[in-house]
Amino acid sequence: MSALVWLRSDLRALWNSPLTYASQHHDKVSALFFITPGQWQEYGLAGIKLDLIVRRLLVLKTELAQRGVHLNLIEVKGHRQVADSLAELCQQHQISRVYFNAEYELDERRRDKEVRRRLGSLGVDVGIFHDTCLVRPDRILNKEGNAYRVFTPYFHQWLDQVQNHLQAVVAPTPVLKSDKLSGAVEENDEGLRRFLSASPDSVWPVGQQQIMENLRSFFVHRVAEYPDRRDIPAEQGTSRLSPYLSIGAVSPLQATNLLLNIHGGRLFETGSAAFAWLRELAWRDFYRYVMYHFPHVCRYHCFLEKYDNFRWYDDQAQFEAWCQGKTGFPIVDAAMRCLNETGWMHNRLRMIVASFLTKHLLLPWRWGEDYFMAHLVDGDFASNNGGWQWSASVGTDAAPYFRIFNPTTQGKKYDAQGNFILAWLPELKAVPLKYLHEPHKWSGFKSLSYPAPIVDHAKAVSRTKAHFQHFLEATK
Numbered sequence: 000m001s002a003l004v005w006l007r008s009d010l011r012a013l014w015n016s017p018l019t020y021a022s023q024h025h026d027k028v029s030a031l032f033f034i035t036p037g038q039w040q041e042y043g044l045a046g047i048k049l050d051l052i053v054r055r056l057l058v059l060k061t062e063l064a065q066r067g068v069h070l071n072l073i074e075v076k077g078h079r080q081v082a083d084s085l086a087e088l089c090q091q092h093q094i095s096r097v098y099f100n101a102e103y104e105l106d107e108r109r110r111d112k113e114v115r116r117r118l119g120s121l122g123v124d125v126g127i128f129h130d131t132c133l134v135r136p137d138r139i140l141n142k143e144g145n146a147y148r149v150f151t152p153y154f155h156q157w158l159d160q161v162q163n164h165l166q167a168v169v170a171p172t173p174v175l176k177s178d179k180l181s182g183a184v185e186e187n188d189e190g191l192r193r194f195l196s197a198s199p200d201s202v203w204p205v206g207q208q209q210i211m212e213n214l215r216s217f218f219v220h221r222v223a224e225y226p227d228r229r230d231i232p233a234e235q236g237t238s239r240l241s242p243y244l245s246i247g248a249v250s251p252l253q254a255t256n257l258l259l260n261i262h263g264g265r266l267f268e269t270g271s272a273a274f275a276w277l278r279e280l281a282w283r284d285f286y287r288y289v290m291y292h293f294p295h296v297c298r299y300h301c302f303l304e305k306y307d308n309f310r311w312y313d314d315q316a317q318f319e320a321w322c323q324g325k326t327g328f329p330i331v332d333a334a335m336r337c338l339n340e341t342g343w344m345h346n347r348l349r350m351i352v353a354s355f356l357t358k359h360l361l362l363p364w365r366w367g368e369d370y371f372m373a374h375l376v377d378g379d380f381a382s383n384n385g386g387w388q389w390s391a392s393v394g395t396d397a398a399p400y401f402r403i404f405n406p407t408t409q410g411k412k413y414d415a416q417g418n419f420i421l422a423w424l425p426e427l428k429a430v431p432l433k434y435l436h437e438p439h440k441w442s443g444f445k446s447l448s449y450p451a452p453i454v455d456h457a458k459a460v461s462r463t464k465a466h467f468q469h470f471l472e473a474t475k
């Protein structure tokens, strides 16, 4: 029997359950990835992320070929054409089984439902696996059989399942036969290479060996300092694994297994540095869990649905200042310019700039969500949506509306010497450190080519609190 493994957000040859299962049960196994320009455009994915995907695919072709599997790259416009294309391929190549990893976004679930229907009508079996999360979203419920709405009780169950049911995925068996499917494009096809940019491989390498060597180095040499350094944007205090998790070049189980091999039982000790890193994977799973059980968040709705009627401001000039890094708040501006230039933003900075947009400017969180997706190399719908709703106080486990980051205080705390700020705002190099986080208070400010603050912090905070209070009173 001939099998097809449909790769989506799991671009790896190892730690891939569909690929392993297919190679163990079929003599002939082919792999497929759909290039979907229309879908990518509709989702507003960043060019740097598309570059990462395509570079990873080109290397993955070689990695799979070493195991006897041919990776076919076939272009269709979007999700609506996928079921038709799969049905046609199965008929043309006598494929009896199709395997893939589940995706939990609403559009993707609808697509997969249609795929199962179409292939089922042709007598083609579909096998679905769940490598996307460490714990499947349907495996954690409260005592009433309902989904959790906050993180902490979810985390307790999640941790128990990870600690007691963590299992490795064996490597795929080398395959004897593999087909090139009709319609597959070649590696040098211009339709594929149009997504490549000038992104250097040294910044975001895409070979499995290099990715894992970098992660191992972090776990061995730097994870011990993670709790203390992860909030310092001028330092390499984080693993920078998120781009690879977002495209599935590394699975969360693969990363956790490596961490467990290095740190052993300390991984599950509450106060350990390894545990702090593992907890971030739990947040990643949790936002997918929310998306799965509360799919309205996939449709631009707030998790707390009453806030769908909240009136945000509509100041395009202030939004543009935020986008360009010209707000007059150095830590905000440095973060945004870093994002615009590199496609990357440190997690602490993501919280600062999101809070500033929604709580200082009172601009829609959806604007920020879309802007991040259009620029981030690790753009991931669930984590991005969850993070923005948290910052705007409209999501699950959200920060209370009256807790508002002071960007100046945040800058002084996490970039005390201004190393990050000066790296991205060279126009402030003449400003004494005493005034670096508030350059408008410096006597020489007028000589700088740097804007004054576009809002007054205290007034903006008062306005936001009053706006939320008025809304909550009106919706009692």
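Residue numbers for the sequence shown, in numbering that gives the first Met the number 0: 0 to 475. Every residue, glycine too, gets a C-beta built ideally from N, C-alpha and C.
Determine the burial state of residue i: buried for a count of at least 16 other Cβ atoms within 10 Å of its Cβ, exposed for fewer.
i	result
Leu-471	exposed
Glu-340	exposed
Gly-236	buried
Ala-457	exposed
Leu-180	buried
Ala-273	buried
Asn-15	buried
Asp-130	buried
Phe-401	exposed
His-155	exposed
Thr-269	exposed
Thr-61	exposed
Gln-323	exposed
Val-331	buried
Asn-260	exposed
Taking the straight line between their C-alpha atoms, what separation do you get for residue i and residue j?
i	j	result
Val-58	Asp-377	19 Å
His-436	Trp-387	25 Å
Glu-87	Tyr-370	37 Å
Phe-302	Glu-368	14 Å
His-295	Asp-379	17 Å
Leu-72	Phe-32	5 Å
Asn-100	Lys-27	19 Å
Arg-54	Pro-204	9 Å
Leu-3	Thr-407	54 Å
Ala-473	Met-290	28 Å
Ser-84	Tyr-306	40 Å
Val-454	Leu-360	8 Å
Arg-215	Gln-65	23 Å
Met-372	Met-344	12 Å
Ser-177	Leu-70	9 Å
Ala-223	Asn-145	37 Å
His-24	His-262	35 Å
Tyr-434	Ser-390	27 Å
Near residue i, which residues of its chain fall below 7 Å by C-beta distance, leaving aside the five closest residues on each side in sequence?
i	result
Trp-423	Ala-333, Arg-336 and Cys-337
Leu-362	Trp-311, Tyr-312, Asp-314, Gln-317, Phe-318 and Leu-356
Gly-206	Val-58
Ile-127	Phe-99 and Ala-101
Arg-265	Ser-271 and Ala-273
Arg-138	Gln-160
Phe-419	Pro-232, Ala-233 and Ala-333
Gln-91	Ser-181
Gly-190	Glu-74 and Val-184
Name the two residues that bound the continuous beta strand (DSSP E) containing residue i.
i	result
Trp-5	1 to 6
Quick one: residues in its chain with C-beta nearer than 8 Å to the C-beta of residue i, no 5 flanking neighbours on either side, listed in chain order?
i	result
Lys-48	Pro-242, Ser-245, Ile-246, Gly-342, Leu-375, Val-376, Asp-377 and Gly-378
Gln-93	Ser-1
Leu-175	Asp-26, Lys-27 and Gly-67
Leu-258	Phe-218, Val-222, Leu-266, Ala-273, Trp-276 and Leu-277
Lys-76	Thr-35, Pro-36, Gly-37 and Gln-38
Excluding the 5 residues preceding and the 5 following residue i in the sequence, name in chain order all residues of the same chain whose CB lies nearer than 6 Å to its CB.
i	result
Ile-52	Ile-246
Cys-132	Asp-284 and Arg-287
Val-430	Pro-438 and Trp-441
Ser-250	Trp-14 and Asp-130
Lys-464	Phe-401
Gly-556	Since the displayed the chain opens at 0 and closes at 475, residue 556 lies outside it and no answer follows.
Trp-321	Leu-356
Ser-292	In the sequence under discussion, the amino acid at residue 292 is His, which differs from the Ser named in the question. Excluding sequence neighbours, His-292 sits near Ala-146.
Phe-309	Phe-470
Ala-170	Leu-13
Leu-195	Asp-50 and Val-53
List the endpoints of the continuous alpha helix (DSSP H) containing residue i.
i	result
Ile-210	207 to 216
Thr-479	With the chain covering 0 to 475 only, the question about residue 479 has no answer from this structure.
Lys-428	No alpha helix (DSSP H) holds Lys-428; DSSP gives it neither H nor E.
Gly-270	Neither: Gly-270 is in no alpha helix (DSSP H) and is coded neither H nor E.
Lys-246	The question names Lys, yet the displayed sequence has Ile at residue 246. From DSSP, the alpha helix (DSSP H) with Ile-246 extends over 241 to 246.
Asp-314	Premise fails: Asp-314 is in no alpha helix (DSSP H) and is neither H nor E.
Ser-120	105 to 120
Review point. Which ranges does the beta strand (DSSP E) cover as unbroken runs of at least 3 residues, wholly within the region 32 to 100, from first to last along the chain?
Key: 69 to 74 and 94 to 100
**Study point:** Start-end ranges of the beta strand (DSSP E) lying completely within the region 122 to 183, minimum 3 residues
**Key:** 124 to 128
Review point. Which runs of the alpha helix (DSSP H), 4 residues or longer, sit entirely within the region 315 to 346?
Key: 315 to 323 and 329 to 341
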